[in-house]
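When the letters of the sequence shown are read in order and numbered with mature numbering (1 follows the signal peptide of the UniProt record, and there is no 0), they come out as residues -23 to -1, 1 to 149.
Even for Gly, the Cβ is constructed at its ideal location relative to N, Cα and C.
Computed from a predicted model, the values in this text were never measured in an experiment.
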Amino acid sequence: MARRPRTLAVVALGGLAALTLSACGGLSESLEERNDGHTKTYAFDTGKAGKVDEVVPSWVPDDAATVQGIFRTTGMERLLTYRGSLDGLPADCTTVSAENPLIPQPEREGFTADDFRTDATLLAAWWPDGQEKASTVMCGKWWISSDGEDVYAFTPELTRVEIEKQPTPEGK
């Protein structure tokens, strides 16, 4: 009878070791993501396709083409681009002016504009340096600009979010 508890203990320890080793694989993946600045990217052929997957914001026109984006999973910053124009933006988007300056528009309770950075910290090959400062329209928290048929959009990051090192995108 003494053998049975020992056998159960060995089986239990073996299972625990396997569980620990499998958790290390997950931990390794998390560290790899952390080294990449906790960023995720997406791409859709159209604005409509991105909305079906609930990734692309509702203000992006359905007929927007070549929609690409990057976001930080640990913060609020987003970069987005598409081929199209500003003509298809909803009526509640507002033009930047002296009366409606380009400042962060917190959508969550407890935050003010002072809680946000105003420069893009995410890196993408398709995002021109300083493009966020060229924004001429705001749709909620999004700062939007265009350059020819390229439309760019940005949401500011909180100052308290750590900006981790990101790989330099190809083409930058």
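- One Cα belongs to A130, the other to E86, and the distance between them is close to 23 Å.
- Of all C-beta pairs linking the stretch 73 to 83 to the stretch 136 to 145, fewer than three are shorter than 8 Å, placing the two stretches out of contact.
- Counting C-beta pairs with one atom in each stretch, the stretch 50 to 63 and the stretch 111 to 130 have three or more that are closer than 8 Å, which means they touch.
- Distance from the Cα of F93 is smallest, within the candidate group A102, P81 and G125, for P81.
- Rounded to whole angstroms, the gap between the alpha carbons of M53 and E134 is 5 Å.
- Within the model, the alpha-carbon separation for G27 versus T89 is close to 29 Å.
- G46 sits in a strand when the DSSP states are folded into three classes.
- Our two residues, W120 and T113, have alpha carbons roughly 7 Å apart in a direct line.
- The residues L56, in chain order, have a CB closer than 6 Å to that of W104 in the same chain once the five nearest residues on each side in sequence are set aside.
- For C116 and C70, the gap between their C-alpha atoms comes out near 4 Å.
- Around the beta carbon of A102, fewer than 16 other beta carbons sit within 10 angstroms, so the residue counts as exposed.
- A buried status is given to T23, since no fewer than 16 other beta-carbon atoms sit within 10 Å of its beta-carbon.
- Restricting attention to V73, T16 and K25, the CA atom closest to the CA of R49 is found in T16.
- Shortest Cα-Cα distance from Y19 to any of G65, S122, K25 and V44 involves V44.
- Linking E31 to L66 through their CA atoms gives a straight-line distance of about 18 Å.
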